[in-house]
Amino acid sequence: TKDRPGDKATAEIVITAPDHLTAVSNGVLDGTFDNGDGTLTTSWSTDHQIATYLIAIYVSEYVNFNEVCVTDASGPIDIMNWVYPHHEDAAREDFSITCDMMEFMEDLAGPYPFADEKYGHAEFMNMNTGAMEHQTITGYGHDLIIGNHAYDRIVLHELAHMWYGDSLTPLSWKDIWLNEGFATYCESLWFEHINGMEGHSGYWGRMGLLRSGVDWEGYTPVYDPFPNILDRTVYDKGAWILHMLRGRMSLVDGDDSDFFALLHDWADSDARRESTVTTEDFIAMASDYAGEDLEGFFWPYLIENSLPHLSIRTLASDGPNGAGTRAEILVTDTGGVAFDNLYPVRIVTEAGEEWRTIRVNGFTATETWEFLSPVVSVELDPQGWVAWSANPVPATRLSIVSTGPNPSNGDVTVAFRLDDTADVSLEVYDLRGRLVNRLDAGTVVGSLVDDLE
């Protein structure tokens, strides 16, 4: 074989082993021949294109149990499982959810690509809790089988790979996030499917766990993560890139149907099924579905080992609709990388909640919005749709908004903005540097525009 993922072919796997053992591999069982010498020769084959790293041989003392999963998209699919005898009861319970997951994945990504062959699991020993998405027959670590569904996310993850990784295979290892990021994100979508969006066991809880206090600063990049191609960052940050894409595509009207149409079309299109794909392919397709060029969004998150570092200033001030009806937001990215993001902004007024967006493309962005009621609070990305880190901003005591009239032979009004409550005084000097006048304003409450005359 050629050890690169883009070289796919059909395969026949012929295994000769002691006759008290069971030999399992990809595809369908063609037959078993008794050699008469205490060995059996077992032949498996697949007519579907397969990358060589997805070919597997399992030989052990197995018990086998099967079910037929009938789905709307594919009809009957053979679900076949080979496990150690002492794990049979626990495995029957843990794998009982596979058909439900198959229907979920077909809704998400299209018909199961290998419905005419099988899907299933084969237990193995050499990795305690690992699993591997060998095409049609996932390898499942023995410590994962405990009979209480504690590892349902792994069952789902490996099944998701049948679409994202096995049918659609990366052209090179640079693109491995198209496997692992997608399968990891499918875990969160499964959590959303069974538990909803909220709570520890819902979608948001799962996405929060994928960060777990780590911002991936200094870790391997998601794209081309050589030599650590299976670094955890590829899985978790890769999933977060899809999460951010979902948020970005639904910001305008709160409708994420285009995002899910993208995931389905990406996996199920005749042009890609059982083929090889690249990151550039996905970015181009996502841009088409989003109606904008997403190169500037994707690549910084894919190749940089940093995140946006945002300093945020917000202000409620007087507007044409009355006191406090104007909201201003200033966002500065101090990280030095030009991340192109749309951030949702939640504005709470005395009349209720409203949402706006601000685009930050590298450095500084400002927006000013007018409302009919006084503004109570302004928050950037309160739900966490974008991966960024807060960079605390030192308080700016005072900034001049305007002076006028100018020129003047009499009274002058100085309008100023104060971020924090403080004692304020105004000193006026002439051109020779001599103090002409001083006015004490006393204690002024921050986040207001005030006047001194």
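First residue of the sequence shown? That's 783 in the working numbering, and the numbers climb one at a time after it.
The C-beta atom is built at its ideal place from N, Cα and C for all residues, glycine as well.
Worksheet item: By DSSP, does Leu1230 sit in helix, in strand, or in coil?
Response: Because Leu1230 sits at a pLDDT of 47, beneath the cut-off of 50, its placement in the model cannot be relied upon, and the point is left open.
Discussion item. Does Glu888 come out as helix, strand or coil in the three-state DSSP assignment?
Written reply: helix
Fill in: Residue of Met979, Asn808, Trp998, Phe973 minimising C-alpha distance to Met862
Considering only alpha carbons, the answer is Asn808.
Worksheet item: Sorted by chain position, which residues of the same chain lie with C-beta nearer than 7 Å to Glu1056's C-beta, five sequence neighbours on each side aside?
Response: His830, Gln831, Pro895, Ser949
Discussion item. Helix, strand or coil, according to DSSP, for Asn908 in the structure here?
Written reply: coil
Item to complete: Provide the residue(s) that pair with Gly923 in DSSP beta bridges, ordered along the chain.
Response: Phe906
Worksheet entry | Nearest-angstrom beta carbon gap, Pro800 and Thr821 [assumed within contact, 8 Å] | 6 Å
Practice prompt. Starting from Gly857, follow the beta strand (DSSP E) in both directions and report where the run begins and ends.
Written response: 857-865
Discussion item. My assumption, with CB atoms under 8 Å, is that Ile936 sits in contact with Leu926. Please give the rounded CB distance.
Written reply: 6 Å
Worksheet item: What's the C-alpha gap between Tyr866 and Asp854?
Response: 32 Å
Discussion item. Does the CB of Ile936 have a neighbour CB from chain D at under 8 Å?
Written reply: Here there is only one protein chain, and chain D is not present.
Worksheet item: Which two residues bound the contiguous beta strand (DSSP E) that contains Asn1103?
Response: Where Asn1103 is concerned, there is no enclosing beta strand (DSSP E), given that its DSSP letter is neither H nor E.
Practice prompt. Report the residue from Leu953, Tyr967, Pro1082, Trp945 whose alpha carbon sits nearest the alpha carbon of Glu999.
Written response: Pro1082
Discussion item. Quick check: the segment 949-963 against the segment 971-979, are at least 3 beta-carbon pairs closer than 8 Å?
Written reply: no
Discussion item. Output needed for Ile787: all residues of its chain with C-beta closer than 6 Å, excluding positions within five of it in sequence on either side, in chain order.
Written reply: A small correction: the amino acid at residue 787 is Pro; Ile does not occupy that position in the sequence shown. Same-chain partners within the cutoff: Ala833, Thr951, Pro952.
Discussion item. Only counting the same chain, and skipping five residues up and downstream in sequence, which positions put a Cβ closer than 6 Å to that of Val810?
Written reply: Glu899
Fill in: 4-residue-minimum alpha helix (DSSP H) runs that sit fully inside the segment 1046-1119, ordered along the chain
1061-1072, 1077-1085
Worksheet item: Excluding five sequence neighbours on each side, which residues of the same chain lie with their C-beta closer than 7 Å to the C-beta of Val845?
Response: Only Val865, Pro867, Glu870 meet the Cβ criterion.
Worksheet item: Where Thr1096 and Tyr1071 are concerned, what is the direct C-alpha to C-alpha distance, given to the nearest angstrom?
Response: Those two C-alpha atoms are separated by around 33 Å.
Discussion item. On the DSSP letters alone, give me the boundaries of the beta strand (DSSP E) that Trp1137 sits inside.
Written reply: From DSSP, the beta strand (DSSP E) with Trp1137 extends over 1134-1143.
Worksheet item: What's the call for Gly1101, buried or exposed, on a 16-neighbour Cβ count within 10 Å?
Response: Under this definition Gly1101 is a buried residue.
Worksheet item: Grouping DSSP H, G and I as helix and E and B as strand, with all else coil, what is Phe896?
Response: coil
Discussion item. I believe Cys851 touches Met887 by the beta-carbon criterion, under 8 Å. Please report the beta-carbon distance rounded to the nearest angstrom.
Written reply: The C-beta distance from Cys851 to Met887 rounds to 11 Å, too long to fall under 8 Å, and the pair is not in contact.
Worksheet item: Relative to the C-alpha of Phe1198, which residue among Asn1191, Ser1190, Gly1192, Gly1186 is closest?
Response: Put simply, of Asn1191, Ser1190, Gly1192, Gly1186 the residue whose alpha carbon is nearest the alpha carbon of Phe1198 is Gly1186.
Practice prompt. Sort Leu1124, Ala1049, Val1226 by Cα distance to Glu1031 and report the nearest one.
Written response: One detail in the question is off: residue 1031 reads as Met in this sequence, not Glu. Minimum Cα distance to Met1031 is reached at Leu1124.
Worksheet item: Beta-carbon separation of Val1016 and Glu962 under 8 Å?
Response: yes
Worksheet item: Going by DSSP, which residues form a beta bridge with Phe815?
Response: Partner(s): Thr823.
Practice prompt. Determine the contact status of His1025 and Leu890, defining contact as a CB-CB distance below 8 Å.
Written response: no
Item to complete: Return the CA-CA distance between Leu941 and Arg988, expressed in angstroms with no decimal places.
Response: 18 Å
Practice prompt. Just the C-alpha distance for Ile795 and Gly892, rounded to the nearest angstrom, thanks.
Written response: 28 Å
Worksheet item: What's the gap between the Cα of Asn1173 and the Cα of Ser1159?
Response: 19 Å
Fill in: Rounded separation between Asp1222 and Pro1090 - CA only
So the two alpha carbons sit approximately 41 Å from each other.
Worksheet item: Which term fits Trp826, buried or exposed, when burial requires 16 or more other beta carbons within 10 angstroms of its beta carbon?
Response: buried
Worksheet item: Asp1018: which of Leu1084, Val1206, Asp1037 sits nearest, CA to CA?
Response: Leu1084
Worksheet item: With which residues is Thr951 paired in a DSSP beta bridge?
Response: Thr1058
Discussion item. Our contact map puts Glu1132 next to Ser1099 with C-beta atoms below 8 Å; I'd like the distance itself, whole angstroms only.
Written reply: With a Cβ gap of about 15 Å, Glu1132 and Ser1099 do not count as contacting.
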